[in-house]
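K.L.:
Here it is: the structure, laid out below.
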């Protein structure tokens, strides 16, 4: 490497994107420490040994990013780091989980980074925070604001859809079921990006001054794609005529008020109401840059990066299955 080898402290390293970010950092010969829970992954089923294997090449330290004492004692250990990189994200977008993870745990990582004399904080955020109607978006934005005011160099990466987030119906369609979509299937569009391409882009921000002190929206290669186009692509790859099931998006307008009202009397339903709001959001809002002049989503304003295409991804998962692309609590269909 032509630059001084930097020490990078990664939180959220066992997440869908985090694993690939660690691999990219290791491949570029950074000195990487991954701070993780002893049992990680979907349903906390991944053991410490499996975590170490997933994050090979980095030094794995165990603890709780939600606990500042654990973060400093078990993670930072009084050492110096150049960069803190956060891939933390709430497990399901629930109200408490959003504020605990998307805000507080990420804030803990920032404070720990300052204690470690870090000069740069890289945040994996989400493009949807530009139109905040959900708790996890508000939590992310609160942290983004504090990061910008922290005095550190910052890079806020806001990706569009991940491949896995539009892979939830692959197995069902493969098994003969129709592709489910809302409205006419053209209500939304996105420019999905692969894990490895996004990881490469994120790590670039450590090396490229033009990506620092910037909000960085990013999508994958090619044009924006709508749900009906995603479904058509799957059927084409399977060699079958398209079969769609259209759902009225108005169903959410019936569900959300009822569950929200019940949540006032039964607090345990609070997250159910939020999940319904999340469902409506993703079925009605595009994952593209919001043009400030027109107030509309703009595919041309959404930067593209990488080489991995959704078509190639669909071909692979139809052939090999969805191993490594599990949706966990993010599954919608």
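In the numbering used here, the protein residues as written are 2 to 334. Note that the Cβ used here is the ideal one computed from N, Cα and C, for glycine as well. Being a predicted model, the structure only gives us computed values, none of them experimental.
#1: So the beta strand (DSSP E) residue 182 belongs to, where does it begin and stop?
#2: Our contact map puts residue 115 next to residue 184 with C-beta atoms below 8 Å; I'd like the distance itself, whole angstroms only.
#3: Could you name the residues of the same chain whose beta carbon sits closer than 6 Å to that of residue 1, not counting the 5 residues immediately before and after it, in chain order?
#4: Starting from residue 63, trace the beta strand (DSSP E) both ways and give me its first and last residue.
#5: Would you say residue 132 and residue 138 are within 9 Å of each other, going by their C-beta atoms?
#6: When burial is assigned at 16 or more other CB atoms within 10 Å of the CB, is residue 84 buried or exposed?
#7: Please state if the CB of residue 158 and the CB of residue 125 are separated by a distance shorter than 9 Å.
#8: Return helix, strand or coil for residue 17, following the three-state DSSP convention.
#9: Between which two residues does the alpha helix (DSSP H) harbouring residue 149 extend?
#10: Check each candidate in 93, 36, 160, 241 and name the one with the smallest Cα separation from residue 78.
#11: Leaving out the 5 sequence neighbours to the left and right, which residues in its chain are closer than 7 Å to residue 253 when beta-carbon positions are compared?
#12: Following the continuous alpha helix (DSSP H) through residue 29, name the residue where it begins and the one where it ends.
#13: Tell me the residue span of the beta strand (DSSP E) that contains residue 154.
#14: Which class does residue 128 belong to by DSSP, given the choice of helix, strand or coil?
#15: Using the C-alpha atoms, what's the distance from residue 310 back to residue 299?
#16: Quick one: residues in its chain with C-beta nearer than 7 Å to the C-beta of residue 140, no 5 flanking neighbours on either side, listed in chain order?
#17: As an exercise, report each continuous beta strand (DSSP E) stretch of at least 3 residues that is fully enclosed by the stretch 224-270, in chain order.
#18: Rank 23, 318, 89, 9 by C-alpha distance to the C-alpha of residue 239 and give the top, closest one.
#19: Bridge partners for residue 191 per DSSP, in chain order?
#20: Measuring alpha carbon to alpha carbon, tell me which of 53, 107, 87 ends up nearest residue 67.
#21: What residues in its chain sit with their C-beta under 6 Å from that of residue 206, if we drop five residues either side in the sequence?
P.N.:
The structure says:
#1: Segment 180-183, the beta strand (DSSP E) holding residue 182.
#2: No, residue 115 and residue 184 are not in contact; Cβ-Cβ is about 47 Å, not under 8 Å.
#3: No answer is possible for residue 1: it lies beyond the span of the chain, which begins at 2 and ends at 334.
#4: Segment 60-63, the beta strand (DSSP E) holding residue 63.
#5: yes
#6: buried
#7: yes
#8: Coil, per DSSP.
#9: 136-149
#10: Out of 93, 36, 160, 241, 36 has the C-alpha closest to the C-alpha of residue 78.
#11: Answer for residue 253: 277, 280, 281, listed in chain order.
#12: Neither: residue 29 is in no alpha helix (DSSP H) and is coded neither H nor E.
#13: 154-160
#14: helix
#15: 20 Å
#16: 99, 100, 103, 104
#17: 245-248
#18: 318
#19: Looking at the DSSP assignment, residue 191 forms a beta bridge with 226, 288.
#20: 107
#21: 123, 156, 212
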